[in-house]
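Structure, as structure tokens:
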Amino acid sequence: MGTSVLMPGFVRTEETLSCEGVALDAIARAVGTPVYVYSAAVIRDRYTRLTTALAGVPHRIHYSLKANSSRGLLDLLRSMGSNADVVSGGELFRARRAGFKPEEIVFGGVGKTREELSDAVREGVLLVNVESEGELRLLDEVAREAGRVAPVAIRVNPEISVETAHAYIKTGEKGNKFGVPYDEVVELARLAHALPNVTLAGLDMHVGSQLSHLQPYERGTERLVAICTQLRSEGIDTLRYLDVGGGLAVRYDAETPPDLTRFAEIMVGVAQATGLQLILEPGRFLVGDSAVLVTEVLYRKSSGGKEYVITDAGMTELLRPSHYNAYHRIEAVHETAGTVKADVVGPVCESGDFLALDREVADAAPGALLAVHGAGAYGYAMAMNYNSRRRPAEVLVDGDRYAVITRRETYEDLVRAERESPDWETA
Ligand SMILES: *Cc1c(COP(=O)(O)O)cnc(C)c1O
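What follows is the structure, given as structure tokens:
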């Protein structure tokens with residue numbers, strides 16, 4: 000490859016599909032399938048685009064680990080200057096292990112345990128986003144036990160209607176489990192101000208995921224600004240951060256990508272109105288477009304007048320199609336002569352195990368490789384061991400080099416936590 004022109008992302012060179020300067024079939028031969036292949040250039044590009052668009056706004060980008068918490072991607076994002084947003088003790092562990100400092104980490108999530116709150120406080124994270132009065136009081140208690148004062152933000156449910164591709168990715172509508180109901184926020188903020196072991200450092204929202212339109216950010220932040228103004232009029236003036244959450248969309252099919260210039264305009268307005276530093280928690284936007292899942296066609300068959308392409312990847316590797324009815328573009332690594340209308344299905348014993356339904360796809364024979372696009376976010380992170388399937392490998396491509404950043408699991412990995420002869424005890 001040597002001096003090839005290095006393209007960001009996925010490009011067709013001669014008759015094979017490549018990631019930057021590396022042919023996907025070469026990776027499949029070396030590492031096996033199914034395999035996730037990520038483009039470092041795409042991640043760098045998205046991070047740079049976002050932070051450049053926001054150059055005029057005091058802001059911090061906290062990558063949402065939930066989208067993909069693999070070490071290789073965390074290292075890359077951290078090297079770009081990203082901070083971290085975590086929603087569990089496990090993600091806090093991963094973030095710290097990857098080298099994020101406590102003050103670079105925001106801790107959110109609707110159901111944090113006492114242990115998780117205690118770990119977050121003892122580590123000294125930048126902000127704990129709380130979602131209920133019970134959690135706020137528990138945080139105050141664990142902070143007292145730790146001899147600390149915990150910086151807290153209240154996650155506001157702005158109670159706005161949002162348009163998302165699937166109901167499961169709406170998080171800021173009235174009656175939703177997330178955040179504090181809008182008309183209870185001021186009272187909870189007063190409580191946070193009064194409690195001795197927490198300091199009210201921010202307001203937070205996260206209204207949904209895969210948001211192509213910006214009205215939810217506009218209307219949600221308006222509501223946060225109103226709360227900020229109200230609190231200040233009461234003399235509560237400890238706020239430093241306004242956390243607008245994640246949610247920026249990527250293009251899976253024909254969606255309009257979010258207009259970052261307009262997004263930045265909204266954020267400039269919010270920063271000016273409040274004087275606060277903005278926190279963003281993008282997940283999907285930074286990594287969604289960065290990967291394909293490469294899978295091999297195992298069999299073809301027709302049944303009941305329907306054509307099936309059976310691949311070695313399914314819902315256990317990429318859950319989004321069956322969980323969210325999500326669309327992922329599928330392309331043959333080597334171009335085929337024609338196309339066929341088929342269901343692309345995996346090997347899992349579930350009828351809900353599919354990558355695409357009734358789709359015009361490449362007429363690929365057994366042995367052929369398919370690339371499932373847009374697999375960087377909520378792909379590997381949601382991969383599971385159902386049917387005792389081993390989670391796949393992840394490969395990062397950077398220019399004309401590639402590296403395995405996560406090895407394929409072994410059968411031994413599947414049974415690692417199990418006891419062959421359990422120690423029976425009486426309670
Ligand atoms: C999931 C989540 C994010 C990231 O959402 P994306 O749509 O991937 O940007 C950010 N913040 C919180 C609190 C989340 O739960």
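Using numbering that gives the first Met the number 0, the letters of the sequence shown correspond one by one to residues 0 to 426.
We put the CB at the ideal spot given by N, CA and C, even for glycine.
- Q276 has Y240 as its beta-bridge partners, per DSSP.
- The beta carbon of G98 lies closer than 7 Å to those of R77 in the same chain, with the five residues before and after it left out.
- Take V360, set aside five residues on each side of it, and the residues of its chain with a beta-carbon closer than 7 Å to its own are V308, I329, T338, V339, A341 and V343, in chain order.
- If you ignore the 5 residues before and after L91, its C-beta comes within less than 8 Å of the C-beta of V85, I104, F106, E115, D118, A119, E122 and V124, all in its own chain and listed in chain order.
- Put simply, of H372, R48 and V347 the residue whose alpha carbon is nearest the alpha carbon of F262 is R48.
- Here the alpha carbons of Y251 and Y298 stand approximately 26 Å from one another.
- In this structure, H205 has its beta carbon less than 6 Å from a heavy atom of ligand 1.
- The residue from L194, N156 and G282 with its alpha-carbon nearest to that of S69 is G282.
- If you ignore the 5 residues before and after R218, its C-beta comes within less than 8 Å of the C-beta of P157 and I159, all in its own chain and listed in chain order.
- Along the length of the segment 50-120, whole alpha helix (DSSP H) runs at least 4 residues long occupy 70-79 and 88-96, reported in chain order.
- In this structure, DSSP gives I226 a helical state, which the three-state scheme calls helix.
- Here L223 is near L202, since their CB atoms are less than 7 Å apart.
- Excluding its 5 nearest sequence neighbours in each direction, A336 has C-beta neighbours in its own chain below 8 Å: D362, listed in chain order.
- Taken from the Cβ of S63, at least one heavy atom of ligand 1 lies inside 6 Å.
- In the structure shown, A193 adopts helical secondary structure according to DSSP, grouped into three states.
- Taking non-hydrogen atoms of ligand 1 into account, the C-beta of P281 is found less than 6 Å away from one of them.
- For R113, the closest of G133, R96 and A94 by C-alpha to C-alpha distance is G133.
- One Cα belongs to H58, the other to L275, and the distance between them is close to 9 Å.
- H322 and H192 have their C-alpha atoms spaced approximately 40 Å apart.
- Judged by DSSP in its simplified three-state form, Y377 adopts coil rather than helix or strand.
- Between the alpha carbons of G146 and G174 lies a gap of roughly 36 Å.
- Checking the 6 Å criterion, the Cβ of A66 is within range of a heavy atom belonging to ligand 1.
- Secondary structure of V34 (DSSP, three-state): strand.
- Ranking L210, Y62, A416 and L23 by CA distance to the CA of I42 puts Y62 first.
- A check of alpha carbon separations from Y35 across Y401, A52, E417 and V161 identifies Y401 as the nearest.
- For F177, no alpha helix (DSSP H) run applies, since DSSP gives it neither H nor E.
- Residue range R319 to Y323 is occupied by the alpha helix (DSSP H) that includes S321.
- For S208, the distance from the CB to the nearest heavy atom of ligand 1 is below 6 Å.
- For L210, there is no enclosing alpha helix (DSSP H), as DSSP marks it with neither H nor E.
- If the five residues before and after R143 are omitted, its C-beta is found closer than 8 Å to the C-beta atoms of P195 and N196, all from its own chain and listed in chain order.
- The Cβ atoms of A270 and L292 lie no closer than 7 Å to each other.
- For G201, the Cβ stays outside the 6 Å cut-off from all heavy atoms of ligand 1.
- F353 and D44 have their C-alpha atoms some 31 Å from each other.
- Within the same chain, Cβ atoms closer than 8 Å to the Cβ of L368 are found at L23, D24, A27, T32, V293, T294, E295, V296, A331, V332 and H333, the five residues on either side in sequence being excluded.
- Counting only runs of at least 4 residues, the segment 242-270 fully encloses no alpha helix (DSSP H) element at all.
- If you check the C-beta of G244 against ligand 1, you find a heavy atom less than 6 Å away.
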